[in-house]
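Report on the following structure.
Protein chains in written order, with my numbering: chain A, 1 to 114; chain B, 1001 to 1115.
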């Protein structure tokens, strides 16, 4: 089954403790991206990757890092999480954006930073 | 970055047709317009995509005027299960030096369908 898998689904952590949220897709998609969703603010793009080893900032990249060492995986790294990063996070993938192809989203990761 | 503007919320009753309009004044020549539906605590899912005029699939229609500065998602005969947030999405503007990867979803439209 074609899908985007995020792990974990729920995560509670403390300020300053490094964490990684994983994202994997099995559709051989070149494009992957991360979003955060907060009440009243909709979906905001954090980072995106056009292909392996090619990443760039979205609208809200501060406090986040990403890597794209292989095509199927696009982990989101919070080196020193803070309470304002408490949010619902989504990973998505698609064929290259130049094809205007639809995004396929994961089921989300709800992160709480205390 | 091609930003979008949608109504924050809309209400409807079962069986009615619902039209949600999105404004995107800075849409680029090569951009398509894509609509997504999101249920609580789930990732958005693709509904429909178009470039100009009208597109129809089994769940919705998309109307795009000639100037492409807006688009209207039409949901025929909505049911309670259509209660969700609907996002209109256009891509980045390549000639500003950015890549094609920047995307702006905006706040979406909360559609509530009542019995």
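Idealized CB from N, CA, C, for every residue including glycine.
All values reported here derive from a predicted model rather than from experimental measurement.
For residue i, three-class secondary structure by DSSP
{"i": "residue 1026 of chain B", "result": "coil"}
{"i": "residue 1031 of chain B", "result": "coil"}
{"i": "residue 41 of chain A", "result": "coil"}
{"i": "residue 1081 of chain B", "result": "helix"}
{"i": "residue 84 of chain A", "result": "helix"}
{"i": "residue 1018 of chain B", "result": "strand"}
{"i": "residue 24 of chain A", "result": "strand"}
{"i": "residue 17 of chain A", "result": "coil"}
{"i": "residue 4 of chain A", "result": "strand"}
{"i": "residue 115 of chain A", "result": "Lying outside 1 to 114, the shown extent of chain A, residue 115 of chain A is not represented and no answer is given."}
Sequence-distant residues of the same chain with beta carbon closer than 6 Å to residue i, five excluded per side
{"i": "residue 1061 of chain B", "result": "1074"}
{"i": "residue 6 of chain A", "result": "23, 91, 106, 109"}
{"i": "residue 1063 of chain B", "result": "1054, 1072"}
{"i": "residue 14 of chain A", "result": "114"}
Beta-carbon proximity list for residue i, same chain, < 7 Å, skipping 5 on both sides
{"i": "residue 1082 of chain B", "result": "1075, 1111, 1113"}
{"i": "residue 1010 of chain B", "result": "1018, 1020, 1109, 1111"}
{"i": "residue 29 of chain A", "result": "93, 94, 95"}
{"i": "residue 1079 of chain B", "result": "1014, 1113"}
Run of the beta strand (DSSP E) containing residue i, from where it starts to where it stops
{"i": "residue 1010 of chain B", "result": "1009 to 1013"}
{"i": "residue 87 of chain A", "result": "87 to 94"}
{"i": "residue 1075 of chain B", "result": "1070 to 1075"}
{"i": "residue 1045 of chain B", "result": "1045 to 1050"}
{"i": "residue 110 of chain A", "result": "109 to 113"}
Own chain, CB closer than 8 Å to residue i, minus 5 neighbours either side, in chain order
{"i": "residue 49 of chain A", "result": "31, 32, 33, 55, 56, 66, 68, 74"}
{"i": "residue 53 of chain A", "result": "68, 69"}
**Asked** Using a Cβ cut-off of 9 Å, which residues of the segment 1073 to 1088 of chain B contact any Cβ in chain A, in chain order?
**Response** 1085, 1087
**Asked** Listed in chain order, which residues of the segment 55 to 75 of chain A have Cβ atoms closer than 8 Å to some Cβ of chain B?
**Response** 56, 58, 59
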